[in-house]
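Visitor: Sending over a structure as structure tokens; questions will come in a sec.
Protein chains: 2
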Amino acid sequence: MNASAPRAATIVDVARVAGVSRQTVTRALHDMPGINAGTRERVLAAARELNYHPSRFGRGLVKPAGRTLGLLVGDLTNPYYGELASTVLRLAGERGWNVVMAEPGSLSDLAGATDAVVGFTGSSIEVPRAGAPNLPVVEIDPPHDHPGHGRVEFERAQASRDAVSHLLARGVRRPVVLDLLGPEGCSRRGRAFVEAFRDAGVEPAVADRASSWADLAGDRPGAGPDAVVAFNDLEGFRVLRDLRTAGLRVPQDVRVVGVDGLALGEFVAPRLSTLTIDLTEVARAALDLVVELSGPRSGEAVRVVPHRFVARDST
Amino acid sequence: MNASAPRAATIVDVARVAGVSRQTVTRALHDMPGINAGTRERVLAAARELNYHPSRFGRGLVKPAGRTLGLLVGDLTNPYYGELASTVLRLAGERGWNVVMAEPGSLSDLAGATDAVVGFTGSSIEVPRAGAPNLPVVEIDPPHDHPGHGRVEFERAQASRDAVSHLLARGVRRPVVLDLLGPEGCSRRGRAFVEAFRDAGVEPAVADRASSWADLAGDRPGAGPDAVVAFNDLEGFRVLRDLRTAGLRVPQDVRVVGVDGLALGEFVAPRLSTLTIDLTEVARAALDLVVELSGPRSGEAVRVVPHRFVARDST
DNA sequence: CTGAAAGCGCTTACAG
DNA sequence: CTGAAAGCGCTTACAG
Chain G
1 MNASAPRAAT
11 IVDVARVAGV
21 SRQTVTRALH
31 DMPGINAGTR
41 ERVLAAAREL
51 NYHPSRFGRG
61 LVKPAGRTLG
71 LLVGDLTNPY
81 YGELASTVLR
91 LAGERGWNVV
101 MAEPGSLSDL
111 AGATDAVVGF
121 TGSSIEVPRA
131 GAPNLPVVEI
141 DPPHDHPGHG
151 RVEFERAQAS
161 RDAVSHLLAR
171 GVRRPVVLDL
181 LGPEGCSRRG
191 RAFVEAFRDA
201 GVEPAVADRA
211 SSWADLAGDR
221 PGAGPDAVVA
231 FNDLEGFRVL
241 RDLRTAGLRV
251 PQDVRVVGVD
261 GLALGEFVAP
271 RLSTLTIDLT
281 EVARAALDLV
291 VELSGPRSGE
301 AVRVVPHRFV
311 ARDST
Chain A
316 MNASAPRAAT
326 IVDVARVAGV
336 SRQTVTRALH
346 DMPGINAGTR
356 ERVLAAAREL
366 NYHPSRFGRG
376 LVKPAGRTLG
386 LLVGDLTNPY
396 YGELASTVLR
406 LAGERGWNVV
416 MAEPGSLSDL
426 AGATDAVVGF
436 TGSSIEVPRA
446 GAPNLPVVEI
456 DPPHDHPGHG
466 RVEFERAQAS
476 RDAVSHLLAR
486 GVRRPVVLDL
496 LGPEGCSRRG
506 RAFVEAFRDA
516 GVEPAVADRA
526 SSWADLAGDR
536 PGAGPDAVVA
546 FNDLEGFRVL
556 RDLRTAGLRV
566 PQDVRVVGVD
576 GLALGEFVAP
586 RLSTLTIDLT
596 EVARAALDLV
606 VELSGPRSGE
616 AVRVVPHRFV
626 ARDST
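So the protein sequences, as listed, match chains G and A. Under my numbering, think of the first position of the first sequence as 1, with each following residue one higher. Under my numbering, think of the first position of the second sequence as 316, with each following residue one higher.
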């Protein structure tokens with residue numbers, strides 16, 4: 001924008017400095033056969049001198065380029081998102097796609113930089129589609145349906161019922177479900193558990209996801225929860241730690257269930273029981289939907305992937 | 316490549332179908348003022364009908380575009396890399412850069428898709444710089460110096476000494492350092508610990524990073540290690556779990572130190588002592604080096620970021 | 001409100 | 001071994 005900013009060197013600048021034509025520059029830069037070694041050196045020297053950076057756009061316009069996928073993920077600090085991102089990177093790599101990643105806060109112009117967007121953030125995503133009305137957008141486990149967006153839905157009912165049966169069979173009577181308590185009430189994961197408990201004839205308490213054990217236990221000893229359904233595995237680890245600090249035994253005194261199925265759940269003691277989902281299947285479904293939506297518009301593009309209850313040591 | 320594959324629609328196709336000129340298509344697509352509402356609708360309908368996807372390259376060539384950074388990270392399943400990636404995404408977003416991510420195995424043509432590459436993989440990275448001789452490459456904590464690459468080095472000596480003093484002051488006499496035992500011997504992190512122990516007059520055992528507690532303890536009870544330096548925090552969690560399973564108390568019977576400073580270390584019991592590093596500082600240094608290397612070539616581009624020992628409950 | 005022209009930076013045939 | 005020409009798909013002034 002600065003009028004005095006020097007224009008970046010282009011291939012013609014290099015050609016001029018090296019005293020050759022531009023296609024000779026191309027030849028030198030790409031190590032193509034049929035070029036005099038001395039000429040090549042001269043060109044490369046000129047490129048270095050001018051600090052020449054070829055334009056991706058100029059090249060992309062003329063060479064068949066791979067597709068670029070935009071991947072919008074929630075906090076990568078949570079290994080859950082890391083596992084999905086890792087899988088998407090692998091699958092996209094196999095197809096020769098590049099992946100532009102962004103976290104929701106980021107301002108990056110995804111629509112302008114990509115050929116399709118996959119979003120997995122825990123909330124609805126809104127992609128500013130400047131000039132790209134047909135940009136395929138796929139949401140993973142979105143809280144709401146968005147017409148025109150493809151989506152990968154998570155099926156939680158069966159796994160939640162399995163977890164609840166497991167808990168009740170072990171004598172649980174005073175479960176608490178930790179959840180994100182927004183203006184709309186429980187999250188879908190929370191609702192699935194609450195409904196599963198109710199269907200089994202037990203009314204669970206519901207508390208904020210970040211509640212401390214002291215909050216949950218109340219003041220009368222012995223009346224606290226005998227099971228905690230954490231909002232996710234990370235919070236489950238926290239609950240496990242707090243229970244240990246409080247001198248309570250898991251699973252004998254309190255049983256704990258997480259959600260996400262982090263591999264890390266195997267690395268803590270007691271190993272955390274959890275609701276898991278096959279993220280490879282999720283990623284594959286999302287990429288398939290991208291391909292489907294890239295073609296001529298069809299109807300609803302939806303895939304459903306089920307959760308599964310994994311009983312480990314904490315229940 | 317398939318001769319029968321239909322050529323993707325371009326802006327001229329849309330213009331033809333809508334019966335307008337191409338700049339009218341541009342106007343309609345970008346919601347620009349000064350266009351008849353009916354015309355706009357007609358254009359958008361044609362775009363939909365043809366499943367028109369604007370070319371990023373055509374546009375990029377003519378509009379000033381943000382830079383695109385390539386970020387090569389080791390396994391995103393490890394929250395350590397996730398934390399770095401998250402920070403880079405945030406800092407890059409603030410500067411208006413897009414970020415193309417890839418894991419080392421991926422075949423993606425980073426050089427062709429980006430304006431600079433940052434690598435943080437635990438091993439040396441080799442970027443195929445097809446036609447991009449001046450592509451800035453910055454390596455984070457690389458095992459070897461690479462001439463021409465910028466690098467962010469981790470300083471471990473002081474933090475390792477601090478950790479060792481801490482352990483020895485608590486009576487540790489038979490420490491074991493778990494490490495990646497490659498053909499070149501210890502890793503740098505392992506060496507830093509081994510040297511710190513030696514300087515303090517204690518010769519540590521060295522074992523493979525994945526060793527089980529049974530491997531380490533040997534057959535004579537009481538002769539096993541009284542401290543374990545894990546390869547990273549994730550392995551530290553595993554050691555913690557194994558010790559618990561073996562009925563040993565941490566830190567009373569065995570003290571455990573991790574490396575990485577995962578936030579997660581606070582979420583386990585006992586909370587894991589570790590060597591931590593400020594990943595925001597690391598990311599910022601890497602991006603600064605990218606900028607520095609994007610300009611006219613200067614000398615060595617190196618930044619050093621120190622580790623710090625954090626004593627939590629496991630020591 | 002709409003269109004004809006120029007040009008962004010590169011590579012790919014095609015000549016010499 | 002090297003160069004002149006065409007063209008990729010788009011946007012930006014400039015005319016009408």
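Idealized CB from N, CA, C, for every residue including glycine. Note that the structure is predicted; figures quoted are calculated from it, not measured.
Name the chain A residues whose beta carbon is nearer than 7 Å to that of G/S108?
Guide: Contact annotation for G/S108 against chain A: G408, N413 [CB-CB distance below 7 Å, chain order].
Visitor: Which one of G/L248, G/G182, G/D233, G/L234 has the shortest CA to CA distance from G/A217?
Guide: It is G/L248.
Visitor: Can you check whether the CB of G/A227 is closer than 8 Å to the CB of G/D215?
Guide: no
Visitor: Quick one: which unbroken beta strand (DSSP E) runs of 3-plus residues sit fully inside the region 199–228 of chain G? Chain order, please.
Guide: 205–208
Visitor: Tell me, please, whether the CB atom of G/H53 is closer than 8 Å to any CB atom in chain A?
Guide: yes
Visitor: Have a look at G/V177, G/I125, G/V138 and flag the residue whose alpha-carbon is nearest the alpha-carbon of G/G224.
Guide: G/V177
Visitor: Start and end of the beta strand (DSSP E) containing A/H622?
Guide: Here the beta strand (DSSP E) through A/H622 covers 617–625.
Visitor: Considering only the beta carbon of each residue, do G/A133 and A/R363 sit closer than 8 Å?
Guide: According to the sequence as given, residue 133 of chain G is Pro; it is not Ala. In this structure, A/R363 lies closer than 8 Å to G/P133 by Cβ.
Visitor: From A/R410 to A/A431, what does the alpha carbon distance come to, in whole angstroms?
Guide: 14 Å
Visitor: Determine which residues of the region 543–561 of chain A have a Cβ less than 8 Å from any Cβ of chain G, and write them out in chain order.
Guide: L549, F552, R553, L555, R556, R559, T560
Visitor: Could you tell me how far apart the beta carbons of G/V282 and G/I140 are, in whole angstroms, since I believe they sit closer than 8 Å?
Guide: 6 Å
Visitor: So that I know if they touch, is there some Cβ in chain G lying closer than 8 Å to that of A/E470?
Guide: no
Visitor: Taking the alpha-carbon positions, what's the G/S4 to G/I11 distance?
Guide: Confidence in G/S4 is poor, its pLDDT being 44 and thus under 50, which makes the residue's placement too unreliable to answer from.
Visitor: Leaving aside the five residues before and after A/M316 along the sequence, list all residues of the same chain whose C-beta is less than 6 Å from its C-beta, in chain order.
Guide: A caution first: A/M316 carries a pLDDT of 38, below 50, which makes its placement in the model unreliable, though a value can still be read off. Nothing meets the Cβ criterion.
Visitor: Establish whether the CB of A/Q567 and some CB of chain G are separated by less than 8 Å.
Guide: no
Visitor: Any contact between the region 403–421 of chain A and the region 98–107 of chain G? By contact I mean 3 or more CB pairs, one from each, below 8 Å.
Guide: yes
Visitor: Whole angstroms is fine: what's the gap from G/M32's alpha carbon to G/G131's?
Guide: 37 Å
Visitor: Under 7 Å, CB to CB, which of the residues in the region 21–36 of chain G have a partner in chain A?
Guide: L29, H30
Visitor: Is the CB-CB distance between A/S527 and A/D557 below 8 Å?
Guide: yes
Visitor: Could you tell me the distance, in whole angstroms, from the CA atom of G/V229 to the CA atom of G/A85?
Guide: Taking the straight line from one Cα to the other gives about 26 Å.
Visitor: Using the beta-carbon of each residue, which ones in chain G are nearer than 9 Å to A/P394?
Guide: L76, T77, N78, P79, G82, L264
Visitor: At which residues does the beta strand (DSSP E) containing A/A417 begin and terminate?
Guide: 413–417
Visitor: So which of G/D313, G/G261, G/R308 has the shortest CA-CA distance to G/V254?
Guide: G/D313
Visitor: Taking A/A417 as the query, report the chain G residues whose CB atoms sit under 8 Å from its CB, ordered along the chain.
Guide: L89, G93, N98, V99
Visitor: How big is the Cα-Cα spacing for G/V20 and A/R337?
Guide: 36 Å
Visitor: For A/R612 and G/G122, I'd like the C-alpha separation in whole angstroms.
Guide: One alpha carbon belongs to A/R612, the other to G/G122, and they sit about 44 Å apart.
Visitor: Under 8 Å between the Cβ atoms of A/S421 and G/G60?
Guide: no
Visitor: Taking the alpha carbon of G/V305 as the point to measure from, which residue in G/P79, G/R151, G/F231 has its own alpha carbon closest?
Guide: G/R151
Visitor: Give the DSSP-derived three-state secondary structure of A/P394 in the structure shown.
Guide: helix
Visitor: Take G/V310 and list the residues in its own chain whose beta-carbon comes closer than 6 Å to its own, dropping the five residues that flank it on each side.
Guide: Once the five neighbours on either side are set aside, the close Cβ partners of G/V310 are T274, T276.
Visitor: Whole angstroms are fine: how far does the CA of G/T280 sit from the CA of G/A200?
Guide: 32 Å
Visitor: How many angstroms separate the CA atom of G/D162 from the CA atom of G/P204?
Guide: 16 Å
Visitor: By Cβ distance, which residues of its chain are closer than 6 Å to A/P451, with the 5 residues on each side in sequence left out?
Guide: A431, V605, L608, S609
Visitor: Using only alpha-carbon positions, find the residue among G/V118, G/D288, G/E83 that is nearest to G/P142.
Guide: That would be G/V118, whose Cα lies nearest to the Cα of G/P142.
Visitor: Just to confirm, is the Cβ distance from A/Y396 to A/V388 under 8 Å?
Guide: yes
Visitor: If I measure Cβ to Cβ from G/V239 and keep anything under 6 Å in the same chain, skipping five residues before and after, which residues do I get?
Guide: V228, A230, V256
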